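Undergrad:
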Amino acid sequence: MDINQLLRKNIQSLKPYSSARDEYTGEAMVFLDANENPFNEPYNRYPDPLQKEVKEKISRLKNIAAENIFLGNGSDEPIDLLIRAFCEPGEDNIVSINPTYGMYQVAADISGVEVRKVSLTNDYELNANELLGASDTNTKLIFLCSPNNPTGNSLNKEAMLEIAASFKGLVVVDEAYIDFAPGKTLLQDLGEYPNLVILQTFSKAWGMAGIRLGMAFASVEIIGILNKIKYPYNLNILTQQKALELLDKKVTVQKWVKLLIAEREKMAQLLTDLPFVEKVYPSDANFLLVNMHDAKGIYDYLVEEGIIVRDRSKVHLCDNTLRITIGSSEENEILLNALKELI
Ligand SMILES: *Cc1c(COP(=O)(O)O)cnc(C)c1O
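In structure tokens:
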């Protein structure tokens with residue numbers, strides 16, 4: 001598979017911006033090459049454009065070589081970059097599951113790229129043949145999301161790999177919630193599928209949504225393309241420093257995850273017991289999709305009580321559902337007590 005053949009022509013021939021920090025990367029005594037201000041260290045300096053230190057730590061954490069890692073301003077950045085690198089506006093298309101995370105559609109719309117949405121089954125499973133059937137020679141990317149947002153379930157691993165094996169473009173698997181379902185990652189399959197891109201993020205289990213740090217894992221060729229078209233200094237110094245600090249707190253994160261999963265299971269049971277709840281869908285993530293009578297009415301009531309959940313009623317296959325994030329046990333109890341008032 002020649003990844004470069006899939007690229008837009010203008011990206012194939014692009015001569016990327018060369019920054020001062022690209023041209024000279026060694027240790028020196030005096031840096032007078034980037035028009036920086038000599039005062040107010042260390043923030044006066046441009047950050048490392050390729051975030052070497054952060055990648056080394058992530059490499060050890062994930063057991064993936066640093067050269068197979070791209071870091072972005074949230075995982076929204078690699079989503080946008082992949083579409084811009086591979087899809088010719090008005091010509092190429094992407095295929096995605098439906099329902100799923102809204103950013104694939106938004107990023108494609110901004111770039112003027114068609115999205116072909118293929119429905120999941122009624123129990124939110126993936127149909128590999130239908131997805132492949134929706135693609136044509138202009139389909140450059142297939143977006144999958146596992147565990148999926150807003151449905152919460154992990155997609156079938158064999159079906160995802162079957163798609164990666166047959167599809168001639170890239171298969172992007174968004175694993176934003178994978179820390180809550182660690183056995184289900186496709187990370188160790190990267191070597192075998194050169195067209196696979198896996199997205200993960202520090203926004204969910206790691207509790208770092210505020211610093212904006214997302215990861216893409218892929219072949220050296222694909223990582224090289226993302227590096228070529230990103231903003232030269234896409235991750236600022238504060239984010240890189242905070243990430244280095246928090247990456248040492250793996251044990252704390254594992255504790256949070258354990259606690260949130262326990263809360264999720266407790267909440268699933270207690271919500272199921274409410275008379276107006278029809279169904280709580282199984283979840284591998286830190287949220288629950290809950291089908292209930294008059295979801296919109298209950299959403300409005302909760303807003304009045306100062307409790308905000310996500311009304312997903314208008315989403316395909318999600319009629320009358322609310323998506324409820326698992327909070328602290330105190331927050332979850334406040335929600336439950338408010339819902340019990342409705343009985
Ligand atoms: C929350 C979420 C993300 C996270 O995006 P960031 O830009 O990394 O904060 C990505 N994908 C899905 C499916 C999500 O739900």
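The opening position of the sequence shown corresponds to residue 1 in UniProt numbering, with each subsequent residue numbered one higher.
In this text, a Cβ means the ideal position worked out from N, Cα and C, and glycines have one as well.
None of the values given here were measured: they were computed from a predicted structure.
(1) Report the three-state DSSP secondary structure of Arg21 (helix, strand or coil).
(2) Who does Lys279 pair with in a DSSP beta bridge?
(3) Is the separation between the beta-carbon of Gln200 and that of Ile178 shorter than 9 angstroms?
(4) Runs of 4 residues minimum, wholly inside the region 107–188: which ones carry the alpha helix (DSSP H) assignment?
(5) Use the C-beta contact count for Thr121: other C-beta atoms within 10 angstroms, 16 or more gives buried, fewer gives exposed.
(6) Can you tell me the Cα-Cα spacing of Ala128 and Glu162, whole angstroms?
(7) Among the candidates Leu32, Ile198, Lys168 and Glu341, whose CA atom is the shortest distance from the CA of Ser135?
(8) Grouping DSSP H, G and I as helix and E and B as strand, with all else coil, what is Ile237?
(9) Among Asn68, Tyr104 and Ile58, which one has its Cα closest to the Cα of Glu77?
(10) In terms of residues, what are the limits of the beta strand (DSSP E) holding Thr252?
(11) Would you grab the beta carbon distance between Phe86 and Ala216 for me? Rounded to a whole angstrom, and I think it's under 8 angstroms.
(12) DSSP beta-bridge partners for Asp311?
(13) Determine the direct distance from the alpha carbon of Ser329 to that of Val257, and round the result to whole angstroms.
(14) Between which residues of its own chain and Thr325 is the CB-CB distance below 6 angstroms, once the five residues before and five after are set aside?
(15) From what residue to what residue does the alpha helix (DSSP H) around Ile58 run?
(16) From the DSSP output, in three-state form, read off Ile11 for me.
(17) With 16 other CB atoms within 10 Å as the buried threshold, where does Pro276 fall?
TA: The short version:
(1) Helix.
(2) Paired residue(s): Asn291.
(3) yes
(4) Correct list: 128–134 and 157–166.
(5) exposed
(6) 7 angstroms
(7) Lys168
(8) It is helical.
(9) Closest option to Glu77, Cα to Cα, is Tyr104.
(10) For Thr252, there is no enclosing beta strand (DSSP E); the residue is part of the alpha helix (DSSP H) that begins and ends at Lys250 to Thr272.
(11) Not a contact, Cβ separation roughly 13 angstroms.
(12) Leu322
(13) 13 angstroms
(14) Phe287
(15) Lys52 to Lys62
(16) Looking at Ile11 - three-state DSSP - the assignment turns out to be helix.
(17) Before going further, note that residue 276 is Phe rather than Pro in the sequence given. That one is exposed.
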